[in-house]
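Here's the structure we're looking at; comments come further down.
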Amino acid sequence: MVNFGKRLVADQLEEWREYYINYKMMKKKVKQYVQQTQTGGKNREQVLKEFSRMLDDQIEKIVLFLLQQQGHLASRIENLGEQRAALMEQSDVSQICQLREAYREVGYDLVKLLRFLDMNATGIRKILKKFDKRFGYKFTDYYVSTRANHPYSQLQQIFKQVGVVAVVGALSRNLAYLQDHRGSFSSIYDHPSITFKDPVIEQINHSVQKLTHSTNFLQFLGQHALIVPDDMHSGSDLVDDQSYHFLSLLLNLVNTFLYMVNTYIIVPTADDYSVSLGAAATVCGVIIGSMAVAQIFSSVYFSAWSNRSYFRPLVFSSIMLFLGNLLYALAYDLNSLTVLIVGRLLCGLGSARAVNRRYISDCVPLKTRLQASAGFVSASALGMACGPALAGLLQTKFRIYGLTFNQNTLPGWVMCVAWLVYLCWLWISFKEPGHIATDNSVNSQSSDSAHQVSGNLEDGLGQPLLVDVKERHDEDGEDNDDNEEDPEESHKPATSLAAAYRLLTPSVKVQLLIYFMLKFAMEILLSESSVVTTFYFNWTTSTVAIFLAVLGLTVLPVNVIVGSYVTNLFQDRQILVASEIMVLIGIVMSFCFTPQYSVPQYVTSALITFVFSEVLEGVNLSLLSRVMSSRLSRGTYNGGLLSTEAGTLARVAADMTITAAGYLGQSRLLNATLLPSLLICVASIVATFCTYNSLY
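Numbering of the sequence shown is given in this note's numbering, commencing with residue 1404 and proceeding in unit increments.
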């Protein structure tokens, strides 16, 4: 993979070469500053001032050129507008076609300008990260806070593309006006419900979205799934329509849906089940949490397994979930809490969410990936709502051949049937992606030749790497800084959890802490709901199921509102802080301060906590996908795995907290479990403010 310095030189336009960021010079300056500070030639303050001034000069050069080019484009559009006004009186079709092409030429020049802007924005981000890494300073925090928020900010010109939207609007309006629509010349303003589509406009919009990370609903959901796009094109971007198999994608989404149903279908009845087996009601925390415990390990081996196959992990997942639910259902007649917990552990070992996410990122064409990512989140949300709702419908009791079917065992039996049907469908319809089959074939054919080339695998792999380093040294001379010093420039994925952890910057660690906090708070709310509502309000299982289903049904509407509207009005980091504060308010409101704990207080506080946790999750993962190293966008130990592990650990910790707090008695359970949530939430808010300026 070519490093950024080489890519910048290769991709820049020759006529604009002098206006690009001088990345090579700045990289050398960083290296000089390191040497000078080590020898005592310059102190920290001098380095910061000099580097800030140098970066200011580079940004000013880019911005002034940008404004100049925008002025040229505006002048060309104005001149074309005069020609259009004259042509409208003549209605000469051939000249109108020529004029339309002239407008498109302006559009293609705008695309070139946006690519120029994108390349420079990437260079600024990378040089800031390089400076932080080399010096251990939070220079990015300082630079962004002093430049981006200034009323005369030039940095905002680069990252917010001031004026570009106006040019796009002018092009869209005039191209639509020149298009013969229903026998008359139409305007985009006359038909606001009709989206004008033209190849150049779509290309411009794609460039703008790539540059700004603008978030409509689908993009918001895609980032919610943390299917992280890489800065540079990966092999997965080369997936073509012929190798793409829609039914296989659908099977992955159904797996996601069924797993979420499986997770939450037992929540309304877990306390009753534990009591029927002679345990305390609060042991429901162990029953619910045992699935999450197993998921900690299953996420890793499923992520690694998906490097070689997608079909086999999904088959294994279905079998484990079938067996787990079978044991869960049989535990009642066996009168064994151990069998019950083992069943839930097997269900957790069948968690294939890492495979589902990986399939979307690697096997779905780029143009469809956004919708597939949104489908992943939507399937999860729908499963979360359907699980408790389905439990509420299974309020019956009968026996067949000595087996008991009641509200406690029926969730297990129903999911057994569901996973068996899914396994049959999977076996018949799933198609292994072409690149997996090709890789396996190549690996098989090359095993003998690899043995001849080298006495062992390490030597065989080492030779081309050594040659590559030598070649790059010959090409770049002393300026090979990207290759030997900056791991973020290398696109080799992390090979272990420890290696992945070393790639985490303070910003990423804070985002993972926030993710842990919101999952902890949500798990406390959901897992103890049946115990708390039964103790305080005498709610039945059906009432608890309806309450949890209503909470689950809020997920998609909340994502629609946030993804379509809120993110267009406020920065993600602003929404992040506001959501954290609202979650804190919801947690505080949930405490039982008086002997009379009312239903309105519980329901209101639960809605605030749950809804804003959902808002927080989407924005948190959106920011996480931006600040995370590109090396964590693929491989076994990727960003999706790290977030999954953080969330799973939070669920385990929350469920164990419920079980431990049960020893204090049900009257103290609520406050005892809310206290850790409160402390973690406060800690996450403090950590957010400490890294606020780096969340850009």
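Ideal Cβ positions, reconstructed from N, Cα and C, are used throughout, including at glycine.
Checklist line | Run of the alpha helix (DSSP H) containing I1978, from where it starts to where it stops | finding: Counting along the chain, the alpha helix (DSSP H) containing I1978 begins and ends at D1975 to S1993.
Item checked: is_contact[F1542, chain B] using C-beta, thresh 8 Å -> Absence of chain B from the displayed structure is noted, only one protein chain being present.
Check: Can L1724 and W1822 be called in contact, C-beta distance under 8 Å?
Finding: The Cβ-Cβ distance between L1724 and W1822 falls below 8 Å.
Notebook entry, point to check: Which of helix, strand or coil does DSSP assign to E1418?
Noted result: E1418: helix per DSSP, three-state reduction.
Checklist line | Identity of the residue in Q1472, A2063 and E1417 nearest G1510 by Cα | finding: Residue Q1472 is the option with its Cα nearest to G1510.
Next item on the list: Would you kindly work out how many angstroms separate the C-alpha atoms of L1796 and Y1667, rounded to a whole number?
Entry: Cα to Cα, the separation comes out at about 14 Å.
Note to self: According to DSSP, simplified to helix, strand and coil, what is L1797?
What the structure shows: Coil.
Item checked: Reference V1437, options F1454, T2060, A1489 and G1408, closest by Cα -> Closest option to V1437, Cα to Cα, is F1454.
Next item on the list: Output yes or no for whether 8 Å exceeds the beta carbon distance between A2049 and F1923.
Entry: The beta carbons of A2049 and F1923 sit no closer together than 8 Å.
Check: Do you know how far the Cα of M2031 is from the Cα of P1909?
Finding: Within the model, the alpha-carbon separation for P1909 versus M2031 is close to 10 Å.
Next item on the list: Report the rounded CA-to-CA distance for V1696 versus F1940, giving the unit in angstroms.
Entry: Taking the straight line from one Cα to the other gives about 31 Å.
Next item on the list: Over the uninterrupted alpha helix (DSSP H) stretch that includes T2076, give me the two end residues.
Entry: Q2069 to C2093 is the extent of the alpha helix (DSSP H) around T2076.
Item checked: Contact set for A1391: own chain, Cβ-Cβ below 7 Å, skip 5 residues either direction -> Nothing can be reported for residue 1391: it is not among the residues displayed for the chain, which extend from 1404 to 2099.
Check: Between which two residues does the beta strand (DSSP E) containing L1806 stretch?
Finding: Run containing L1806: L1806 to F1808, per the beta strand (DSSP E) assignment.
Check: Which value, in whole angstroms, describes the spacing of the CA atoms of G1727 and S2016?
Finding: Straight through space, the alpha carbons of S2016 and G1727 are spaced by roughly 30 Å.
Item checked: Whole-number beta carbon distance between L1951 and P1671, since they are thought to touch under 8 Å -> That belief holds up - the Cβ atoms of P1671 and L1951 are roughly 6 Å apart, short of 8 Å.
Notebook entry, point to check: Of all the options F1407, Y1580, L1581 and S1575, which has the alpha carbon lying nearest to the alpha carbon of I1607?
Noted result: Ranking the options by Cα distance to I1607, first place goes to S1575.
Check: Does DSSP put I1668 in a helix, in a strand, or in coil?
Finding: I1668 falls in the coil class under three-state DSSP.
Next item on the list: Could you check which residue in K1533, I1465 and Y1546 has the C-alpha nearest to that of F1519?
Entry: Scanning K1533, I1465 and Y1546 for the CA closest to the CA of F1519 turns up I1465.
Check: Any heavy atom of the ligand ADP closer than 7 Å to the Cβ of W1830?
Finding: Among the ligands in the structure shown, none appear at all, so the ligand ADP cannot be discussed.
Next item on the list: For A1413, count neighbouring C-beta atoms within 10 Å of its own C-beta (all shown protein chains included) and say buried if the count is 16 or more, exposed if not.
Entry: The residue in question, A1413, is exposed, as its Cβ has fewer than 16 Cβ neighbours within 10 Å.
Next item on the list: Measure the alpha-carbon distance for D1675 versus T2012 and round it to whole angstroms.
Entry: If I take the Cα positions, the gap works out to 25 Å.
Item checked: G1444, enclosing alpha helix (DSSP H) - first and last residue -> For G1444, there is no enclosing alpha helix (DSSP H), since its DSSP letter is neither H nor E.
Next item on the list: Determine the direct distance from the alpha carbon of T2047 to that of V1934, and round the result to whole angstroms.
Entry: Approximately 27 Å, taken between the alpha carbons.
Item checked: V1686 versus G1751: straight-line alpha-carbon distance, rounded -> The straight-line gap from Cα to Cα measures roughly 18 Å.
Checklist line | Same chain, Cβ closer than 6 Å to I1691, neighbours up to 5 away in sequence not counted | finding: Result list for I1691: A1673, S1930 and D2058, in chain order.
Check: Given T1936, which residues of its chain have a CB within under 8 Å of its CB, disregarding the five upstream and five downstream residues?
Finding: Around T1936: W1942, T1946, V1947, F1950 and Y2005.
Check: How is I1803 classed by DSSP in three states: helix, strand or coil?
Finding: Here I1803 sits in strand by DSSP.
Check: Assuming L2044 contacts S1706 under a Cβ cut-off of 8 Å, what Cβ separation, rounded to an integer in Å, is found between them?
Finding: About 5 Å separates the CB atoms of L2044 and S1706; that is less than 8 Å, so the two are in contact.
Notebook entry, point to check: Looking at the structure shown, is S1596 part of a helix, part of a strand, or coil, going by DSSP?
Noted result: No answer about S1596 holds up, because its pLDDT of 42 lies below 50 and its placement is not dependable.
Notebook entry, point to check: Helix, strand or coil: which one does DSSP assign to I1964?
Noted result: Residue state, collapsed to three classes: helix.
Check: According to the Cβ coordinates, are G1746 and L1661 closer than 8 Å?
Finding: Cβ distance not < 8 Å, so G1746 and L1661 don't count as in contact.
Next item on the list: Please report the residue range of the alpha helix (DSSP H) in which L1581 lies.
Entry: Neither: L1581 is in no alpha helix (DSSP H) and is coded neither H nor E.
Note to self: Using the three-state DSSP reduction, which class does H1648 fall into: helix, strand or coil?
What the structure shows: H1648 falls in the coil class under three-state DSSP.
Check: Which residues bound the alpha helix (DSSP H) around L1907?
Finding: It is not in any alpha helix (DSSP H) - L1907 carries neither H nor E in the DSSP assignment.
Margin query: Using CA atoms only, rank isn't needed, just tell me which of E1605, V1767, L1578 and N1759 is closest to H1648.
Written below: Of the residues E1605, V1767, L1578 and N1759, the one whose Cα lies closest to the Cα of H1648 is V1767.
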